[in-house]
Amino acid sequence: MSKFQVLIDSDAFVGNSYPDDPHHLRAMDIFARLEKERRSIVTTNLVVLEVATVLSHRSGQSLAVKFLDMIENRKVPVIHLDEKLQKSALNTFRDQTARGTSVTDCSNVVVMDYFNIPEIFSFDRVYAKAFGLKLAT
């Protein structure tokens, strides 16, 4: 059993951080519930990089930096992909056939498997459809 219960994906962080995101209210609700239930969360370095970039594009550098500060100040655990995990993520990416496949999504799948993380907090249904993963809703 993993010490982590929920992997947080980029769209969950963006939804929580960016008030104009269509998932904003739902993301805030789910984060509040995870905290209330004391669920142990984790994310990856690729997710952190992706979220900072998206927030910078959508709202500006100040929101992106605020997100990075939140990750650091709340001490959100971040799994850094090493060479082995990256190779596995890229192999998973190569196996996909859908247009617009995300390397970050594939890395999340690999990390969840490697660390035995049972759920992912994401609004992206690809995790359930393509990979059979359980979404934290």
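The working numbering puts the sequence shown at residues -19 to 117. We treat Cβ as the ideally placed atom computed from N, Cα and C, and that holds for glycine. This one's a predicted model, so the numbers in the text were calculated from it and none came from an experiment.
Return the chain-ordered list of same chain residues with a C-beta closer than 6 Å to the C-beta of H3, the five sequence neighbours on each side being excluded. The residues are G(-5) and F103.
Can you give me the Cβ contacts of L26 inside the same chain, cut-off strictly under 7 Å, excluding the 5 residues immediately before and after it? Within the same chain, L61, T84 and S87 come within 7 Å of L26 by CB-CB distance, once the 5 residues on both sides are set aside.
Going by alpha carbons, who is nearest to R38 out of D93, D(-11), Y(-2) and A108? From the listed residues D93, D(-11), Y(-2) and A108, the smallest Cα separation to R38 is found for Y(-2).
Is it buried or exposed for V31, if we count other Cβ within 10 angstroms and need 16 for buried? The residue is buried, with at least 16 neighbouring Cβ atoms inside 10 Å.
Assigned exposure category for E99 - 16 Cβ within 10 Å defines buried: When all chains shown are included, E99 counts as buried.
Can you tell me the Cα-Cα spacing of Q76 and F(-7), whole angstroms? Approximately 25 Å between the Cα atoms of the pair.
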